[in-house]
Amino acid sequence: MYDYDVIFIGSGHACNHGALFLARAGKKTAIAEQDKNGGTCTNYGCDAKIILDGPFEYQEGLMRYSDLGVETPGIDWTKLMAYKKQTIGAFSPLLGQIFTKFGVNLLNGHAELIDEHTVKVGNETYTAEYIVIGSGSRDAEMKAPGSEFTHDSKDFLDLDVMPERMVIVGAGIISMEFASMALALGKKVTIIHRSDRPLRAYPGKYVNNIIEKMKNQGAEFIFNENVASVEKNGDSYIVNTDGGKSIETDYVLHATGRVANVENLGLEKLGIEYSSKGIKTDEYMRTSVPNIFASGDVVDKNIPNLTPTAEFESNYIAAQILGINNNPINYPVIPNLVFTLPRIAQVGVSVETAEKNPEQYRVEVVPFGAVNSWVNNRETEAEITYIFDKEGYLAGAAVYGAEGAMMIDFLTFIIQKRISGLELSQMIFAFPTQTYSIVSGLIPLMLKK
C-alpha cells in the first residue's frame, strides 16, 4: 500500500494541473515543492513579465495618437515594480489554498528519488504508485570570467530601479522582451549575440522590423561575438567581447538560454536517461521507469518549452494515469509569441518552411494595419502572413503587431479545427473589431483558386 497514488515533483504548470485533475478524480495526490508554489512561470517568469509589460503596451498605443493631441504618460518603473511584487507575492499562498481545497497534499522541501516508488522530501520519505517529475528549468550560466557580476531573468524581474545603461547577453525571447521595456524608458541598451540572427524561430522580416525599431530607440546590437569577460570598474562594469569591443555599463543581464533542472533528483540511481536538455521520455511521457513520468521544461523534446505545453502535458499524464487516454501524446498546433513592442507571433507551418516548399503551400502577406488602421488603433505597420495548404485550409500564420496575441490565438483555432473559408463565411462576428477584419480579409484568400 502506497502513501499516495501520485507524487508530483514541482508545483508549476507541468505538475499542478495534473495534480488537481487527479485529486478531483479521487486520487490521493501530493506535490513536492522546495520553492514557491506555482514554479518559475508564476513567480519569476511569464506572470511577472506580463504585469510589468502592461503599461508599456498602453503607452505604445497612445503614442500613435500623439499627433491628435493625445498625451503619452510616463512610466514609473519603481512603482510598477512594487505593484508587481505585491501582485505576484499573493500567488504562491493562493495556490497553496487551492491545493488544500481540492485535497492535494503539499510536501515542502527538495525531492529526490530513492527508488521507483519512493521520494525523499526533506528528511521524510513517501511512497506512490506513480511519480511525475516537473522540476522545470533555469537560466543558463555564463562561463566567461566575471560571470559573478551578471544577472539572470529572475533578477531583472525584481529590479527596483531600472539601470541607465544595460548590456544584454543573448538576443532570444527573454532578452528582446526585456530590452523593449528598458528602451521605452529611455535607457541605453546594448545587445551582444553570438550569431547574426536574433529570435531565429520567428520570421526574419518581422524580427528585422523589431531590430530596426530598437536601433531607432538607441539600442546597439553586436552580432557574431561572445562575451570574453566582465570586469568591475568602480560603480560600473566593463563587458569585453571576443571581437575586441569593450562596453561600459551599469548592469549585465545574461540570457542565453535555459537548462533543465535535472541535478540532485536521484535520476542516476534508477537509470533514467537525461542531459542538460532534459529527461528523455517516450511517446507517453514516461521515463525509462514506466511508472515515472516527466512533464514540462524538464523534458528533452522538440516541442517548444512553453507554459501551455507544460499544462497540456500535465493534463495528458493525469489522463494516462486515470486510464481515460491510452494514446501516445498528440500535440495540437502550438502558437508562439514574443512580447516585444509590438508583438511577433506565429503558429503552424512557418513562413520559412512554406517559402521553401511552394508546391505544398501558398503564402499571402496582408498589410493588415495599413488597410484597417481605423479599427486597429492606427497601427499601420501591423502585418499578417498567412500560409495555406493546397486545399485552401489555413496551415500557418505569422503576425507582427500590437494585437498579435489575440490574433494568433484566433488563427490557432481556425488551423486546429480546419475551418474552411465557406464555414467562416457562415459565421457572424462582432463589428467593428480586429477579429471581424481578419475574417473579412481571410475568407476570400481561403476561397482563392
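Residue numbers for the sequence shown, in the working numbering: 1 to 449.
Beta carbons are placed, not taken as given, at the ideal position from N, Cα and C, and that holds for glycine.
Fair warning: this is a prediction, and the values are worked out from it, not measured in the lab.
Note down the Cα distance separating G39 from V399, rounded to an integer number of angstroms.
-> When the Cα atoms are used, G39 and V399 turn out to be separated by approximately 30 Å.
Whether A402 touches P328 by CB criterion (7 Å) | P328 is positioned such that its CB atom lies no closer than 7 Å to that of A402.
Stretch-stretch touch, CB-based, cutoff 8 Å, three pairs: the stretch 8–26 with the stretch 303–313 | Counting Cβ pairs under 8 Å, three or more are found: they touch.
Environment of M446 [buried if 16+ CB atoms lie within 10 Å] | Its Cβ being crowded by 16 or more others within 10 Å, M446 is buried.
Does the count of Cβ pairs from the stretch 160–176 and the stretch 239–259 closer than 8 Å reach three?
-> Touching, yes, given that three or more Cβ pairs across the two stretches are closer than 8 Å.
Alpha carbon of E383 to alpha carbon of I211, nearest angstrom = Counting only the Cα atoms, I211 lies some 16 Å from E383.
From A182 to H117, what does the alpha carbon distance come to, in whole angstroms?
-> Using only the alpha carbons, I get a separation of about 48 Å.
When the Cα of D297 is compared with those of D282, S425 and S276, which residue comes out closest?
-> The residue with the shortest Cα to Cα distance from D297 is S276.
Report yes if the C-beta distance between F221 and I191 is below 7 Å; otherwise report no.
-> A contact, by the Cβ cut-off of 7 Å.
Three or more C-beta pairs below 8 Å linking the stretch 353–368 and the stretch 417–428 | No, they do not touch.
Considering only C-alpha positions, which residue in the set L52, Y130 and Q416 is nearest to M285?
-> The residue from L52, Y130 and Q416 with its alpha-carbon nearest to that of M285 is Y130.
Coil, strand or helix - V439 by DSSP | Secondary structure of V439 (DSSP, three-state): helix.
Would you tell me roughly how many angstroms separate the C-alpha atoms of K213 and S420, rounded to the nearest one?
-> The alpha-carbon atoms of K213 and S420 are separated by roughly 36 Å.
For the alpha helix (DSSP H) containing R24, list its first residue and its last residue.
-> Per DSSP, R24 is one residue of the alpha helix (DSSP H) stretching across H13 to R24.
Are the stretch 47–61 and the stretch 24–35 touching by the rule of at least three beta carbon pairs closer than 8 Å?
-> With the cut-off at 8 Å, the stretch 47–61 and the stretch 24–35 do not touch.
6 Å Cβ shell around F178 - same chain, five flanking residues per side excluded | Around F178: F156.
Span of the alpha helix (DSSP H) around Q346 | Secondary structure note for Q346: it is in no alpha helix (DSSP H), and the uninterrupted beta strand (DSSP E) holding it is R343 to G348.
Name the one or two DSSP bridge partners that E220 has.
-> When DSSP reads this structure, E220 sits in a beta bridge with T190.
Close-in-space but distant-in-sequence residues of the same chain around A395 (CB under 7 Å, 5 per side omitted) | Shown here for A395: same chain residues with a beta carbon closer than 7 Å to its own, the five before and five after excluded, namely G348, V349, Y361, I387, F388, D389 and I415 in chain order.
Among the residues of its own chain, which have a CB less than 7 Å from the CB of E355, if the five just before and after it don't count?
-> The residues are V363.
Do you know whose CA, among K85, L80, V119 and Q97, lies nearest D3's CA?
-> That would be V119, whose Cα lies nearest to the Cα of D3.
Along the alpha helix (DSSP H) that carries V375, what are the first and last residues, could you check?
-> Here V375 belongs to no alpha helix (DSSP H), and DSSP marks it neither H nor E.
Neighbour-count burial assignment, E379, 16 or more Cβ in a 10 Å radius = With 16 or more other Cβ atoms within 10 Å, it is buried.
Please specify which runs of the beta strand (DSSP E), each continuous and at least 3 residues long, are wholly inside the stretch 115–145, giving them in chain order.
-> List check, beta strand (DSSP E) in window: 118–121, 124–133 and 137–139.
What whole-angstrom Cβ distance do N37 and L95 have, given they're in contact under 8 Å?
-> With 8 Å as the limit, N37 and L95 qualify as a contact, their Cβ atoms being about 4 Å apart.
Is it the case that the Cβ atoms of N261 and G103 are separated by a distance below 7 Å?
-> Cβ atoms of N261 and G103: not closer than 7 Å.
CB-CB under 6 Å to G243, same chain, minus the five flanking residues each way: which ones, in chain order?
-> Contacts found: E225.
Per-residue DSSP class, three states only, for K232 | K232: strand per DSSP, three-state reduction.
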